[in-house]
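Anchor point for the sequence shown: position 305 equals 415 in the numbering used here, and the numbering is continuous, going up by one each time.
All C-beta atoms in this analysis are idealised placements derived from N, C-alpha and C, irrespective of residue type, glycine included.
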Amino acid sequence: MKNFIFGVFVLLFFHGHLYAQDIKGKVLDENGLPLPGVNILSSTSSSVSDFDGNFSINAKVDEPITFTFLGYVTLTINAAENMSVTMKMSSTDLTEVVVVGYGTQKRTDLTSAISTIKSDQITKQPAFNALQSLQGKAAGVNIIANDAPGATPTIIIRGLGTAESGRSPMFVVDGVITGSIANLNPNDIESFDVMKDAASAAIYGSNAANGVVFITTKKGKLGKTSIKINSFYGAKSILNPVEMANSSQFVTYFNESRAAIGNPDRLALNQPYNTDWYDALAGTSFSQGNDVSFSGGSESVTYYFSFNNYKEDGLLEGHEVARNVLRSNNTFKAFDGKLKITQNASVAFTKSTPKPYSSFTEAYKQAPIIPVYYPDGRYGMSYWNKTTGLPDYIIGAGQQGGRLNSIGNPVANVNFQNEKNKMMELQGLLQADYTVTDWLTATTRFGATKSYSKTRIYNDIRGRYLAADPLRTLTDFQNAQNGAPTSTEFANNSLSYKDVESFRYNWDTYLTASKSFDKHNFNATVGVTKERRNDVYESFIEGYGVPEQENYWNLDMASLNYTKVVKQFFQTPTNVLSYFGRLQYNFDEKYYISGTIRRDGNSNFKKNAEYWGTFPSVSVGWVLTNESFLSEVNNLDFLKLRAGYGEVGNANVPFNATSIITNPGSANTNYVFGPNQDLVFGGAVGSPATNLTWEVTKEINAGVDFELLDRRLSGSFDYYNRINTNAILNVKPILNSPASQNYFDHGGEVRNQGYEIALNWKDNITEDFSYSIGVNYAHNKNTLENVKPAYDGMTGGSLGDGQITKRLQEGQPIYSWWLLEADGVWQTQAEIDANPHIGTPQPGQLRYKDQNGDGVIDDRDKKFYGSYIPKFSYGINVNLAYKNFDLSVDGFGAGGNKVYNGLKGTRVDAGENIAAETFNNRWTGPGTSNTNPGANRDALSSSYYLEDGDYFRINNITLGYTFKDMFNISRLRIYGTAQNPFLFTKYSGFTPELNNSGAPNETAGIELAAYPNIKTFIFGVNLEF
């Protein structure tokens, strides 16, 4: 009995040591600061450290427990009571995992140029589109802002290599290839990996000539459910408003212009109106966003759910965009972890009410003496009484009237546009990874994107008719309607609906093998992928004479007096079949070599000889700090050299560029062969480019990565030289006629070469004060080479008034500025008579330089003035943390380019307004100015309107304060953000950072109908439970 009692006593005494119990402790970094978010794993459970580094996990004493945290060395130690765990930083960012296409790699193993931007750099400033937050974060990745609501910034990686084919990079979201990330919630993003060189992007073949942007979204992590809530509210206004001439200045300018040409008509000095059209058109607008996410998981299941609501108003009245996004990312493991199923799904609902950006141009040009509304409530128009000199549209007996200009009322233009868009986008991924052996994994995944959009446009035809001329009456409209009862020109209104459906998918299947033998390490991937894109269906229907009340806008109620317009459009989808492979090898983590090859077959070229394309790459690396001769060098923690060569393609040729397209309804009839070799009666719409094939970009890249001074200073340097050997051009036929159409052909080569530098410094001054500074700089030279003689000298850059501004010329950047050189201002008539000139200029007008000395000013006197493409760009990112305060400042700049001020350079009438600066610096008589012309119309395209495009913009200042563990909230942060508060530039327009959608031979680099940059002031809150 005694032995039994003693045995029970011993068992009770040692119970806590023999069986699992709650092990508690704290995780710290090397400086003794707490580490939140550390993943902790025992044999039976998992946990995550809280904001103060505290943790609790169920484990046995002396059982091994593993601690993992990104950027820190994984640590495994035996469990004990009241543990204090210190984790050491790994080789900073060099040990992070980077996406390389159909796989991942440690950054230390990379032999190519890939930039990574993490979520904490993305979400510190709220944005509708995540690309906006990337600006200035990666060298060589030029993000050109577009501040219109719901708009997508332009991204150019390592210069512009194509004229007509697609210029955007390839976007891949968790393995799903997509054409846009406009509907991706920025708070769902874990990281961006930007593949900048051809060696890294060649695994994607014909999609990758413009680079690849791989987005990894957030996933659940081991541990209890984490709840995060983010909310913000912001107010917006124009960042860099242009001061326009007021009524007094405009009258003076107008009268001077009339006097210069001997016209007796004058405006009265005292005007009844002084309209600031920008103030009338654009005011302060607002944006707001709310986001909530739930995440967590166990060894077998992880989950991440989120909901995002975002609403943004534009500067124009009634311009709104609202978006709701739901996301579900889940993983499931089975068969002892050998099988892993990944399911990602998102659905986005977007509503918008677009407004015409041309109103900004109208606000620039419309005269300030014109009212927004006349006293009778009708829209003010540019009428004036030439007898009284006042802006009256009622002309008395014996008086004369006219129009100051042909510009409409900007406010009316906005109010009359009644358009509503709705869109739903579904994106999903289903992926299975099966571990066949400890060195072989099989993966198959299917990713797809399906979108639906519906656009409704109501056009108040009668209202526009009456607004165009204040003298018009309802009786006038009714008489016109009775005179042409079936003409849609005089229908009361029109209502149209446009539906668009699109679908694309990619199905990837591949094997990944990873094996090591002594110091030899191998990794190989081989697979096949099927992609289908541009599967588009459109339908359009328009009716006339619907009821005026919006509740009754229905095409079934359209008037039967007018024929409905019905159109349908089916776009033949592009199908791509690809085979790819990659082999990576390193010896003793010192010497690295990687090679990829991809073979693409693309249906765009099914009628051409080169249906298939092959895209190889090879790259090497050498970690010098793993060599014995550098291992003991003080303050040198890491040094790696790398170099690579690759080839990538661009298959984004214009739709049906290789096929004959006909219009059966065309009066210009021809017999042409249809898709089934049957004769189709109709007019040929376009000329087929049967020799069109891939644009192929070949690139070499050499770089170095380093870390110094106990890893406080890190950085990289890259040099690249890339050439597009099959640049596609939009060519006008040599034997041109009014009925001829441009066609596409390979016309030259485009070379981009340059270098990139990135430096990062981080340090802790005290236990409470830490900071980091990141800077990057990129320089790029763009050159057109080996242009076909027939295409050398093609022009472009139309201003819409018959003037052109660009020319395609071998040895110059692609479509460079080509203009007359403004050589001062004519001072006297005698000076004009004694020198070469064009037309019949007046004193005070610009004079142009006779470049070839033939005594005639014409196109042969035009010269090149560089490019709209920036030669350099740079970014700076500063982060400070003191106790519970955090401060971040980001800036971005670009320059070395020229921008054409189209607002100033397209004045076609003296009755259009001018900037106050133009008025104040004008020529007013001989000797007053030899730089700025007087009040004379001179709309010839010249260097006078070309300005330096250099700028630097502070795009983010954020100050936050964090409260810890209050009211059962583990983290509460409040913050204030100023987005784009300061712009430093000499450009006289709204912004030199022009996000033009036009091609290089069109409006790119010309400020016309551009949406102004805006500044936003935001207050927000972040909560974590």
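Leaving out five residues before and five after residue i in sequence, what residues of the same chain have Cβ atoms less than 7 angstroms from its Cβ?
i	result
Ala590	Phe600
Ala1026	Glu353, Met354, Ala355, Gln359
Ala255	Gln242, Gln245, Pro263, Glu1103, Asn1105, Asn1123
Asp933	Arg957, Tyr958, Lys959
Ile883	Trp871, Val988
Val1009	Tyr978, Glu1057, Gly1059, Tyr1097, Pro1102, Leu1104, Gly1115, Glu1117
Does DSSP put residue i in a helix, in a strand, or in coil?
i	result
Val1131	strand
Leu751	strand
Ala319	coil
Ala991	strand
Tyr474	helix
Ala1004	strand
Leu1167	Any question about residue 1167 goes unanswered here, given that the chain covers just 111 to 1135.
Phe526	helix
Ala1120	coil
Arg861	strand
Gln787	Confidence at Gln787 is low in this model, with a pLDDT of 36, below 50, so its placement is unreliable and no value can be given for it.
Gly985	strand
Thr545	strand
Val935	strand
With a threshold of 6 angstroms on Cβ separation, who are the neighbours of residue i within its own chain once the five nearest residues in sequence on each side are excluded?
i	result
Ile867	Phe827, Tyr887
Thr1087	Gln235, Thr1068, Ile1128
Val402	Ile339, Phe417
Tyr695	Phe632, Ile703
Phe715	Tyr721, Thr803
Ser166	Asp132, Lys134
Pro464	Glu529
Tyr414	Lys328, Lys329, Gly330, Ser405, Asn439
Ser612	Ser561, Val646
Ile451	Phe442, Ala542
Asn896	Gly858, Glu859
Lys993	Asp878
Arg752	Thr221, Gly731, Gly813
Asp284	Thr327, Asn454, Leu539
Suppose the cutoff is 8 angstroms on Cβ atoms and the five residues either side in sequence are ignored; what does the same chain contact list for residue i look like?
i	result
Leu1050	Gln913, Leu930, Ile948, Leu956, Tyr958
Pro595	Asn671
Lys1125	Lys346, Ser347, Ile348, Leu349, Ala1088, Gln1089, Asn1090, Pro1091
Gly919	It is worth fixing the name first, because residue 919 is Gln in this sequence and not Gly. Closer than 8 angstroms at the Cβ level, and outside the excluded window around Gln919, lie Leu894, Val897, Asp902, Gly903, Ser926, Trp928, Phe974.
Asn736	Asp698, Glu699, Lys700
To the nearest angstrom, report how far apart residue i and residue j are at their CA atoms.
i	j	result
Asp570	Ala1045	38 angstroms
Leu845	Thr327	Note that Leu845 has pLDDT 49, beneath the 50 cutoff, so the model's placement of it is unreliable and no number is given.
Ser563	Glu300	28 angstroms
Thr706	Ala623	15 angstroms
Gln787	Gln541	For Gln787, the predicted model reports a pLDDT of 36, less than 50, meaning its position is unreliable and no value from the coordinates is stated.
Gln922	Ile838	17 angstroms
Ile480	Glu366	19 angstroms
Lys677	Arg566	15 angstroms
Asp139	Tyr1071	22 angstroms
Asp162	Gln231	22 angstroms
Gln537	Val282	12 angstroms
Phe396	Gln381	35 angstroms
Within 10 angstroms of the Cβ of residue i, are there 16 or more other Cβ atoms? Answer buried if so, exposed if not.
i	result
His429	buried
Met197	buried
Tyr1054	buried
Gln527	buried
Ser469	buried
Trp549	exposed
Lys247	buried
His856	buried
Leu789	Summary for Leu789: the model assigns pLDDT 37, below 50, so the residue's position carries little reliability; its value from the coordinates is reported in the next sentence. The residue in question, Leu789, is exposed, as its Cβ has fewer than 16 Cβ neighbours within 10 Å.
Ordered list of alpha helix (DSSP H) runs contained in the stretch 871-914, each at least 4 residues: Correct list: empty.
Ranges of the alpha helix (DSSP H) found wholly within the stretch 1010-1058, counting only runs of at least 4: Runs of the alpha helix (DSSP H) lying entirely within the stretch 1010-1058 and spanning at least 4 residues, in chain order: 1012-1015, 1026-1030.
Completely contained beta strand (DSSP E) runs for the stretch 598-629, where each covers 3 or more residues: Unbroken beta strand (DSSP E) runs of no fewer than 3 residues, entirely contained in the stretch 598-629, are found at 604-627, following chain order.
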